[in-house]
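Here is the structure we will look at, set down as structure tokens.
Numbering (the numbering used here), first residue to last: 3 to 220.
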């Protein structure tokens, strides 16, 4: 498979790139800082230099041509202000979805956030973030040309992955290593039977492949 990942230098994205390339997939990651290219190459991914805050749908679609799946893993980051929550966490996600539709890429997986809600109230930066993610999710969920799956992890940690998760429509709050989120994403990319699902994931007791097959069968 050829898989294109938006936000290719993110902590989850780099883990996902290593995992996908190790199993033989052709992986490309979109980055806006050329200095990050070597990190992607080390992870087994082809760097694509493109700024999703300023690129057109046509430019992004050109890089998605021929891909079997697209993963949106970009984010403005914890140090960013409200404006970039709108331009990256919302705007770039919508742009990437529109570009996937334009390029004919059906499989589309999103890294969202637990608590994402277009109706979320509040004016603090994290409130704006949850609202922006929720608005992006709602937009993507309306795209009939996409076989989308939205993944909403709990609180992320850098602990070593266990390979054991709880993956459900609603898990309640919890933590999860980024390693395990990447493992779930790798399974979801391959499992189009999860299309149309919004899933929460935290650490649990079920092996990742079993957890994904379980939700796909519901």
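Even glycine gets a Cβ: it sits at the ideal position worked out from N, Cα and C.
Could you check the C-alpha separation between residue i and residue j for me, to the nearest Å?
i: residue 53; j: residue 69; result: 19 Å
i: residue 109; j: residue 208; result: 25 Å
i: residue 94; j: residue 55; result: 6 Å
i: residue 35; j: residue 41; result: 11 Å
i: residue 187; j: residue 131; result: 21 Å
Which residue marks the beginning of the beta strand (DSSP E) containing residue i, and which one marks its end?
i: residue 48; result: 47-51
i: residue 31; result: 28-33
i: residue 168; result: 166-170
i: residue 149; result: 149-155
With DSSP run on the structure shown, which of helix, strand or coil describes residue i?
i: residue 212; result: helix
i: residue 113; result: strand
i: residue 90; result: helix
Where do the N-terminal and C-terminal ends of the alpha helix (DSSP H) with residue i fall, by residue?
i: residue 24; result: 13-24
i: residue 60; result: 59-66
i: residue 6; result: Element bounds for residue 6: not the alpha helix (DSSP H) but the beta strand (DSSP E), 4-8.
i: residue 73; result: No alpha helix (DSSP H) holds residue 73; the beta strand (DSSP E) holding it covers 71-74.
What does the Cβ neighbour count give for residue i, buried or exposed, with the cut at 16 atoms within 10 Å?
i: residue 124; result: exposed
i: residue 202; result: buried
i: residue 80; result: exposed
i: residue 51; result: exposed
TODO: Taking 8 Å as the threshold, find out whether the region 115-124 comes into contact with the region 94-104 through three or more Cβ pairs.
DONE: no
TODO: Indicate whether the contact test is met: 3 or more Cβ pairs, each with one atom in the region 169-182 and one in the region 136-144, closer than 8 Å.
DONE: no
Task: Meets three-Cβ-pair contact criterion under 8 Å: the region 19-28 and the region 193-201 - done: no
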